[in-house]
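Just so we're aligned, residue 5 is where the sequence shown starts under my numbering, counting upward by one.
Built from N, CA and C at the ideal position, the CB exists for glycine as well.
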Amino acid sequence: MSRADPDALSYAKRKREEKRAEAELIGIDADFIGHLVETFYVRIRDDALLGPIFAERISDWPSHLARMKAFWRSVLHNSGEFSGNPMLKHLAIPGLELRHFERWLQLFYETLGEIELHHSATELVGTRARMIADSLLTGIAMKRDGLTGGRAGKDLPYV
5 MSRADPDALS
15 YAKRKREEKR
25 AEAELIGIDA
35 DFIGHLVETF
45 YVRIRDDALL
55 GPIFAERISD
65 WPSHLARMKA
75 FWRSVLHNSG
85 EFSGNPMLKH
95 LAIPGLELRH
105 FERWLQLFYE
115 TLGEIELHHS
125 ATELVGTRAR
135 MIADSLLTGI
145 AMKRDGLTGG
155 RAGKDLPYV
């Protein structure tokens, strides 16, 4: 087993700290992420299209919310605390298509607009959310349709 390069570890740690500090300058701190996740998933659970999909799969909401907070801290702060494979989870859900991801983004953007502290934060978080939705939708479409699914997310809305 090889040892990690101390310079590489130091560099990675410094970059994580820089990314977190940049996000926090525009209000994207752990409290903001927690509030975003909590508020967003209230909308999800109440939504006629997405609520039933989540209700079928999630019985322990506090655990799921904690996991989603760790996911978003990893995305927005590069915290490295999330481990998992969102693509596999989404591939296992039959029937997911563009309309589901469009609705997910619509609810996400509404949540961001409601809790916005800084326009730059909304743009950053919204852009990351769209990239994630595009990636998941494209992965699902390519699994189902092959290479023709490679642009499945091109019509997803922007923040």
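When you compare the CB positions of residue i and residue j, do they come within less than 8 Å of one another, or not?
i    : j    : result
A74  : F86  : yes
R24  : N82  : yes
L54  : R107 : yes
L80  : I32  : yes
R77  : I136 : no
L160 : F112 : no
D138 : G157 : yes
H94  : L100 : yes
N109 : R134 : Reading the sequence as shown, one finds Leu at residue 109 and not Asn. Yes.
Determine the extent of the alpha helix (DSSP H) in which residue i is found, giving its start and end residues.
i   : result
P90 : 90-95
L54 : Counting along the chain, L54 falls outside any alpha helix (DSSP H), and DSSP gives it neither H nor E.
Can you tell me which of the three DSSP states residue i falls into?
i    : result
P161 : coil
E127 : helix
L100 : coil
F86  : coil
S78  : helix
H122 : coil
L151 : helix
I62  : coil
In its own chain, which residues sit with a C-beta less than 7 Å from the C-beta of residue i, not counting the 5 before and 5 after it?
i    : result
M91  : L140, G143
I119 : H39, L40, T43
Ignore the nearest five residues each way along the sequence and tell me which others in residue i's own chain have a CB closer than 8 Å to its CB.
i   : result
I30 : L121, H122, S124, A125, L128
E42 : L69
Note down, in chain order, each residue of its chain lying with its Cβ closer than 6 Å to the Cβ of residue i, except the 5 sequence neighbours on either side.
i  : result
M5 : The predicted model places M5 with a pLDDT of 49, which falls under 50 and marks its position as unreliable; any figure quoted below should be read in that light. So the list is empty, once near-sequence residues are dropped.
For a minimum of 4 consecutive residues, which ranges assigned as the alpha helix (DSSP H) are wholly contained in the stretch 5-32? 10-29
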